Ligand code: GLU
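Numbering (my numbering), first residue to last: 8 to 484.
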């Protein structure tokens, strides 16, 4: 590994094990690490913990990289893969053996099972008690399989001054002689993570608090090797509304689902994840720039935060309103293409961009933008849904005929001119504006809801508007 670091330069890392997607909890961990490194002008590294070969497929790894890229979390240097360092992990285990900090344990599965059963019968937590720990004897047989275990201290205590959890103390008598190398010579997660963090010069380990117990065990290796201890920051996990750890039954857990299925913008999800567990006064809307400026570990909360999809949607609505129209059109276009079953022409995407101005004030996600903009690209005869069809009954046809005449006579096609024409039709017919506007909306969009009707007229243009109207006027009621 070649990551060399200046003394004391902050180095953080995100170390996901590929599971097929980037979990939102993982994304938040990555974001915190990224922000902490950027805030301190340090480095943020990415290490894929791909030691589980079955799960670590190319797709599963790409899903993580894709999620990171989408969230704008760029990492420094190459992408590290834990599996590439297996020889180095074994080398460290060897050094620990030589220094007497680890030992070869020849216990059989039966012996281990026996100890486990005994602990269970005596209602105490199982902790391996290997005769090989302090045994100078040779292997029972020359080719007997063995694992390499840490010779964990049995007296005293291990203390972590965690930047989030505060001071946490564990009695060493509670720590076990964990396995460092399996009998096939492969390293365990405990060994690999410590060696890699050390070799990569990681100064701050910021991760989920489900790893707090591991930290005490990992420190055993760090101390044995005489390596500098990183600063730990164990962040409480994200919970669902019912207070249980966030899982599928609470809603989507993968970053990709927030993008593809829920139509979220990356800046909205990122802002939401930032606020989920960290705060800066009452600020809710925090730009990336401010987040870099303000982020610290002191303001990470100690209790788990509850995921609130409504809050996320509200933030998303905010960022949609802020977003550039062309970008939104680009995001909505594929969804519209799916709805109408044909590709959009470039000129149509440009029209969609103009429509964003009236679509975005009401939309909470990209799907709503797409649904709201679909009417623009329908072809005559329009598909008319049930609610819209109801609006086209009764005297609608007669009113639409009058609107058609009034609009046909306009010199200029502007929202103001159209409004004037439609209002005068309502007045002359002695009905309220809504009684004209509703069938007009149904005729132009095939739906009972749409952006403001005069905006719809403007976006469709004179020719298409009049053609859609004419088509409905001639329909039998
Ligand atoms: N690979 C571990 C995980 O995905 C994280 C290891 C760590 O952050 O120390 O849970």
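For glycine and all other residues, C-beta sits at the position ideal for the given N, C-alpha and C. Just so you know, these numbers come straight off a predicted model, no measurement behind them.
- Put simply, the region 245-254 does not touch the region 49-65. Fewer than three CB pairs are less than 8 Å apart.
- Here residue 101 is exposed. Its C-beta has fewer than 16 other C-beta atoms within 10 Å.
- For residue 164, the enclosing beta strand (DSSP E) stretches over residues 164-169.
- In the DSSP assignment, residue 279 falls outside any beta strand (DSSP E) and lies within the alpha helix (DSSP H) extending over 273-282.
- In the three-state scheme derived from DSSP, where H, G and I count as helix and E and B as strand, residue 285 is classed as strand.
- Minimum Cα-Cα distance from residue 455 among the listed residues 480, 472, 283, 397 corresponds to 397.
- Non-local beta-carbon contacts of residue 370 in its own chain, meaning distances under 8 Å to residues more than five positions away in sequence, involve 324, 327, 376, 379 in chain order.
- The ligand GLU has a heavy atom closer than 7 Å to the beta-carbon of residue 214.
- Approximately 15 Å separates the beta-carbon atoms of residue 34 and residue 322; this is outside 8 Å, ruling out the contact.
- In this chain, the alpha helix (DSSP H) harbouring residue 440 covers 440-452.
- The three-state secondary structure of residue 134, taken from DSSP, is coil.
- Three or more beta-carbon pairs drawn from the region 463-475 and the region 408-426 are found closer than 8 Å, and the two stretches are therefore classed as touching.
- The three-state reading of DSSP puts residue 55 in strand, counting E and B together.
- In this structure residue 131 is exposed. Its beta-carbon is surrounded by fewer than 16 other beta-carbon atoms within 10 angstroms.
- DSSP places residue 402 outside both helix and strand once states are collapsed to three, so it counts as coil.
- The Cβ atoms of residue 283 and residue 312 sit closer than 8 Å to each other.
- Cβ contact annotation for residue 462 (same chain, cutoff 7 Å, sequence separation greater than five): 365, 422, in chain order.
- Sequence-distant partners of residue 293 (beyond 5 residues in either direction) whose C-beta falls short of 8 Å from its own C-beta, in its chain, are 278, 281, 282, 287, 301.
- Under the 10 Å beta carbon count, residue 91 is surrounded by fewer than 16 other beta carbons and is classified as exposed.
- Rounded to the nearest whole angstrom, the CA to CA distance from residue 193 to residue 97 is 7 Å.
- In the DSSP assignment, residue 479 falls outside any beta strand (DSSP E) and within the unbroken alpha helix (DSSP H) covering 469-480.
- Under the three-state reduction of DSSP output, residue 213 falls in the strand class.
- Beyond the five residues adjoining it in sequence on each side, residue 385 comes within less than 6 Å, by CB distance, of no other residue in the same chain.
- Around residue 163, the same chain offers 179 as residues with beta carbons nearer than 7 Å, after the five sequence neighbours per side are excluded.
- Relative to the ligand GLU, the nearest heavy atom lies less than 7 Å away from the CB of residue 200.
- Your pair residue 466 and residue 362 checks out as a contact, with CB atoms roughly 5 Å apart and the cut at 8 Å.
- Segment contact: the region 263-273 against the region 133-152, fewer than three CB-CB distances shorter than 8 Å; contact not assigned.
- Taken from the Cβ of residue 24, at least one heavy atom of the ligand GLU lies inside 7 Å.
- The beta carbon of residue 160 sits closer than 6 Å to the beta carbons of 179 from its chain, once the five residues preceding and following it are set aside; these are given in chain order.
- Short note on residue 218: C-beta closer than 7 Å to some heavy atom of the ligand GLU.
- Taken atom to atom, the span from the alpha-carbon of residue 144 to that of residue 186 is near 20 Å.
- Classified as buried, residue 210 has 16 or more neighbouring CB atoms from the shown chains inside 10 Å of its CB.
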